[in-house]
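Enquirer: The first sequence: position 185 = 375 (the numbering used here), numbered continuously. Just so you know, even glycine gets a beta-carbon here, dropped at the ideal spot from N, CA and C.
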Amino acid sequence: MDGFESKVPPNFIRSIIAEDIKYGKNRGKVLTRFPPEPNGYLHIGHAKSICLNFGLVAEFGGFCNFRFDDTNPGKEEVEYVDSIMNDVRWLGFDWGDRLFHASDYFEQLFEWAVDLIKADKAYVDSLSAEEIKEFRGTLTEPGKPSPYRDRPVEESLDLFQRMRNGEFADGTHVLRAKIDMASPNINLRDPVMYRIRKLSHWRTGDKWCIYPMYDYAHGQSDALEGITHSICTMEYEDHRPLYDWFLDNIKVPGHPQQIEFARLNLSYTVMSKRKLLQLVQEGHVAGWDDPRMPTLAGLRRRGYTPEAVRNFCERIGVGKRESLVDLALLEYSVREDLNLKARRVMGVLRPIRVVIDNYPEDRVEYLDAVNNPEDPSAGTRKVPFSRELFLEREDFMENPPKQFYRLAPGREVRLRYAYFIKCVDVVKDSGGQVVELHCTYDPSTRGGDAPDGRKVKATLHWVSAPHAVESEVRLYDKLFLRPDPADERDGSSFRDGINPDSLEVIGSAKLEPSIAEAPAGSRYQFERLGYFCVDPDSTPGKPVFNRTVTLKDTWAKVAKAEGIHKARKA
RNA sequence: UGGGGCGUGGCCAAGCGGAAAGGCACGGGUCUUUGGAACCCGCAUUCGGAGGUUCGAAUCCUCCCGCCCCAGCCA
Numbered sequence: 191m192d193g194f195e196s197k198v199p200p201n202f203i204r205s206i207i208a209e210d211i212k213y214g215k216n217r218g219k220v221l222t223r224f225p226p227e228p229n230g231y232l233h234i235g236h237a238k239s240i241c242l243n244f245g246l247v248a249e250f251g252g253f254c255n256f257r258f259d260d261t262n263p264g265k266e267e268v269e270y271v272d273s274i275m276n277d278v279r280w281l282g283f284d285w286g287d288r289l290f291h292a293s294d295y296f297e298q299l300f301e302w303a304v305d306l307i308k309a310d311k312a313y314v315d316s317l318s319a320e321e322i323k324e325f326r327g328t329l330t331e332p333g334k335p336s337p338y339r340d341r342p343v344e345e346s347l348d349l350f351q352r353m354r355n356g357e358f359a360d361g362t363h364v365l366r367a368k369i370d371m372a373s374p375n376i377n378l379r380d381p382v383m384y385r386i387r388k389l390s391h392w393r394t395g396d397k398w399c400i401y402p403m404y405d406y407a408h409g410q411s412d413a414l415e416g417i418t419h420s421i422c423t424m425e426y427e428d429h430r431p432l433y434d435w436f437l438d439n440i441k442v443p444g445h446p447q448q449i450e451f452a453r454l455n456l457s458y459t460v461m462s463k464r465k466l467l468q469l470v471q472e473g474h475v476a477g478w479d480d481p482r483m484p485t486l487a488g489l490r491r492r493g494y495t496p497e498a499v500r501n502f503c504e505r506i507g508v509g510k511r512e513s514l515v516d517l518a519l520l521e522y523s524v525r526e527d528l529n530l531k532a533r534r535v536m537g538v539l540r541p542i543r544v545v546i547d548n549y550p551e552d553r554v555e556y557l558d559a560v561n562n563p564e565d566p567s568a569g570t571r572k573v574p575f576s577r578e579l580f581l582e583r584e585d586f587m588e589n590p591p592k593q594f595y596r597l598a599p600g601r602e603v604r605l606r607y608a609y610f611i612k613c614v615d616v617v618k619d620s621g622g623q624v625v626e627l628h629c630t631y632d633p634s635t636r637g638g639d640a641p642d643g644r645k646v647k648a649t650l651h652w653v654s655a656p657h658a659v660e661s662e663v664r665l666y667d668k669l670f671l672r673p674d675p676a677d678e679r680d681g682s683s684f685r686d687g688i689n690p691d692s693l694e695v696i697g698s699a700k701l702e703p704s705i706a707e708a709p710a711g712s713r714y715q716f717e718r719l720g721y722f723c724v725d726p727d728s729t730p731g732k733p734v735f736n737r738t739v740t741l742k743d744t745w746a747k748v749a750k751a752e753g754i755h756k757a758r759k760a
């Protein structure tokens, strides 16, 4: 290093690599890889792995290969291929020309399999899948050898070639490594290397009808690419002896080191591809990119920035123990980033009409508003002010508790960048619902400062009614009610924990006119409310916003603690 | 009852024999034209438990307890 302390907290993988470099292992080189299977969208858990693999090589001066682990054509689709590459790029990583596929190595893998057969270290088994399972034994009992285990090398060679030629139906034969049917590690009980799948592959088409299993393909792919450190998740720890066995018994160009770390679990969400797929297929969400999904596509649409996701990944650390990271940390990460970048704007979600009785009917003033107090270079803008305004319903209470210091009958507050106003009348409908407020303004407080030094407890956001832009705003909340929805040990399904109120659509929020044309994907802070992102569903006349995350809300905390009900319902 | 891993504050996580970093959360305060942000303070006499070694242990040894993963022709 150069004397500067890295901001990345130390972790055991960095230590291993630093040590390897120090002692000249791999001639001081570091090459990692990110090997997704194109059978689903990438999620925040993958982001952890991507940041780890690319981050490590950035730090130590190496490369990270991007490799599709495409050994199972039955589950893989090009839709996923495209989304995966797009998401990694979005996250901010560049693999240059280092794009690879396990399928690039099918021919080499086949040849090595033949070598293994010739060395009597692999054989064609003709047991059925059920029989293989029976013969495998259990966790506590050793397995039994297949009757085909000792079939002549020549016969296996012939059969394997004919498997490749397409002479047999799916499931009739497999190629197995000949290791140890009594091993306490079940992965070593003659693992299957190849199975017959008469399926066309998105890259190799119909060239193959036998496909290698992960265990046989992965390590050899790593070796072929010169990977030095093959980083994967904990469930592969049991596979490491097998990973090493293949590498030790095949003439590969190197022997990468497999290192396992704990996958990410995030509270109030699920991470398994299977469960995410179910949420999509069963219609609990609108798609893989639904803003409630922990997928990168979902987070992006929700308004998360790549920087926020990367910072989050850095903060959670890397270890070997199973953990459940608090969603609050992810939310903190976006707020932190957006606070610095997002332009501020005023928008009223649940409007209540307010008339400024002493403000001239036809007058319109354009007041100066700061675009981002954290970033002076963002400049200022003009916001129209007029006699009729929209205020947030929640910002008015007829009988306010003492901790509530927003608008109330007889009370004076400040309208941000505008004037002090005082509530002088409350108009209700026949049902007793407050439908309109009448206020007076103090002309001397233009801009928001009282020349007499008078203080006011609250500053409210507002929108001029005649100038308001109508918008649909989608308020998202956590998708699950339970901190650990994946925990189904009580017999429930993770679906039972779905939050029925995870999405609330505000049909006609009122926004200040400056964001009428905001392009999809642009992010704003609606002052006092939260961060919002323009959704691609927006139309020229009506923008659609997704709430990324609320601002920290001390009042909400107080109100909850005091049992104060906030005014809802527009 | 087989094998592999893991147990440090509410949630993450440093630490690797010299005596508990940091972040989030939480609580309090300052400031404030966002009850936002920023800033300040507080928050494990203790590291799953019990023994042992040592002048000294979260770090070494022993035993115990708890949690996770593995019996796909998935990855």
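Beta-carbon within less than 6 Å of Ser698's beta-carbon, same chain only, minus the 5 sequence neighbours each way: which residues are those?
Expert: Counting only Cβ-Cβ distances below 6 Å, and skipping sequence neighbours, we find Glu660.
Enquirer: Alpha carbons only, please: which of Asn262, Phe258, Ser620, His391 is nearest the one belonging to Asp272?
Expert: Closest option to Asp272, Cα to Cα, is Phe258.
Enquirer: Could you say if the stretch 632-640 and the stretch 597-611 meet the contact criterion of at least three C-beta pairs nearer than 8 Å?
Expert: Contact between the stretch 632-640 and the stretch 597-611 is present, because at least three Cβ pairs lie under 8 Å.
Enquirer: Could you give the distance in angstroms between the alpha-carbon of Asn201 and the alpha-carbon of Leu581?
Expert: When rounded, the distance between both Cα atoms is 50 Å.
Enquirer: Please state if the CB of Pro263 and the CB of Phe389 are separated by a distance shorter than 7 Å.
Expert: Position check: residue 389 holds Leu in this sequence, whereas Phe was assumed. In this structure, Pro263 lies closer than 7 Å to Leu389 by Cβ.
Enquirer: Between the alpha carbons of Gly643 and Phe610, how many angstroms are there, rounded?
Expert: In a straight line, the C-alpha of Gly643 is about 12 Å away from that of Phe610.
Enquirer: DSSP beta-bridge partners for Gly537?
Expert: According to DSSP, Gly537 bridges with Leu701.
Enquirer: Rounded to the nearest angstrom, what separates Asp434 and Asp527 at their Cα positions?
Expert: Approximately 43 Å, taken between the alpha carbons.
Enquirer: By a C-beta neighbour count over all protein chains shown, 10 Å radius and 16 as the cutoff for buried, is Met424 buried or exposed?
Expert: By the neighbour-count rule (16 or more Cβ atoms within 10 Å), Met424 is not buried but exposed.
Enquirer: Go to Val268, then tell me how far its alpha helix (DSSP H) extends in each direction, as first and last residue.
Expert: Its alpha helix (DSSP H) spans residues 268-281.
Enquirer: Ignoring anything shorter than 4 residues or poking outside the stretch 423-462, list the alpha helix (DSSP H) runs there in chain order.
Expert: The qualifying runs are 430-439.
Enquirer: In whole angstroms, give me the CA-to-CA distance for Pro431 and Ala309.
Expert: About 19 Å.
Enquirer: Quick check: what's the CA-CA separation for Leu741 versus Arg500?
Expert: Going from the Cα of Leu741 to the Cα of Arg500 covers about 20 Å.
Enquirer: Which residue wins for smallest C-alpha separation from Arg453, given the options Glu269, Glu678, Cys503?
Expert: Nearest option by C-alpha distance: Cys503.
Enquirer: Please state the DSSP three-state secondary structure of Val499.
Expert: DSSP places Val499 in helix when its eight states are reduced to three.
Enquirer: In chain order, what residues of the same chain lie with their CB nearer than 7 Å to the CB of Ala487, ignoring the 5 residues before and after it?
Expert: Excluding residues within five positions, the ones whose Cβ falls inside 7 Å are Tyr231, Ser273, Asp277, Trp478, Asp479.
Enquirer: Should Ser761 be labelled buried (16 or more other beta-carbon atoms within 10 Å of its own) or exposed?
Expert: Limits of the chain in this structure are 191 at one end and 760 at the other, which puts residue 761 out of reach.
Enquirer: Counting beta carbon pairs with one atom in the stretch 647-667 and one in the stretch 686-697, are three or more of them shorter than 8 Å?
Expert: The stretch 686-697, when compared against the stretch 647-667, does touch it at the 8 Å Cβ threshold.
Enquirer: Per DSSP, what kind of secondary structure is Phe580 in: helix, strand or coil?
Expert: Strand.
Enquirer: Tell me Phe253's beta-bridge partners as DSSP assigns them.
Expert: Beta-bridge pairing links Phe253 to Leu221.
Enquirer: Within 10 angstroms of its Cβ, does Pro402 collect 16 or more other Cβ (buried), or is it exposed?
Expert: Buried is the call here.
Enquirer: So Ile234 packs on Leu489, CB below 8 Å; how close in whole Å?
Expert: Indeed, because the Cβ distance is near 7 Å, the residues count as touching under 8 Å.
Enquirer: From Arg387 to Asp360, what does the alpha carbon distance come to, in whole angstroms?
Expert: Distance between the alpha carbons of Arg387 and Asp360: 5 Å.
Enquirer: Report all residues from its chain with a CB closer than 6 Å to the CB of Pro541; omit the five preceding and five following residues, and keep chain order.
Expert: Closer than 6 Å at Cβ, skipping near neighbours: Phe580, Lys700.
Enquirer: With respect to 6 Å, is the separation between the Cβ of Val748 and the closest non-hydrogen atom of the ligand GTP below this value?
Expert: You won't find the ligand GTP in this model; it holds no ligand whatsoever.
Enquirer: Quick one: what does DSSP say Gln715 is sitting in, helix, strand or coil?
Expert: Strand.
Enquirer: Count the other CB atoms within 10 Å of the CB of Gln715; is the residue buried (16 or more) or exposed (fewer)?
Expert: The residue is buried, with at least 16 neighbouring Cβ atoms inside 10 Å.
Enquirer: Counting C-beta neighbours from all protein chains within 10 Å, is the total for Glu209 16 or more, i.e. buried, or is it exposed?
Expert: Exposed, since its Cβ has fewer than 16 Cβ neighbours within 10 Å.
Enquirer: If you draw a straight line from the C-alpha of Glu678 to the C-alpha of Arg685, how long is it?
Expert: So the alpha carbons of these two residues sit roughly 10 Å apart.
Enquirer: Quick one: is Thr330 buried, meaning 16 or more other Cβ sit within 10 Å of its Cβ, or exposed?
Expert: Classification for Thr330: exposed.
Enquirer: For Asp305, does the three-state DSSP call read helix, strand or coil?
Expert: Reduced to three states, the DSSP call for Asp305 is helix.
Enquirer: Pick from Pro228, Asn255, Met587, His651: whose alpha carbon is nearest that of Ser411?
Expert: When only C-alpha atoms are compared, the closest one is Asn255.
Enquirer: When you compare each of Arg339, Ile322, Trp398, Arg379 to Glu357 by their alpha carbons, which one comes out closest?
Expert: It is Trp398 whose Cα lies nearest to the Cα of Glu357.
Enquirer: Just the Cα atoms here: how many angstroms apart are Phe325 and Arg492?
Expert: Phe325 and Arg492: Cα-Cα distance of roughly 50 Å.
Enquirer: Just tell me which of Thr738, Gly409, Gln471, Val460 has its CA closest to the CA of Gly444.
Expert: Checking every option, the nearest Cα to that of Gly444 belongs to Gly409.
Enquirer: Beta strand (DSSP E) containing Asp615: first to last residue?
Expert: That run of the beta strand (DSSP E) goes 610-618.
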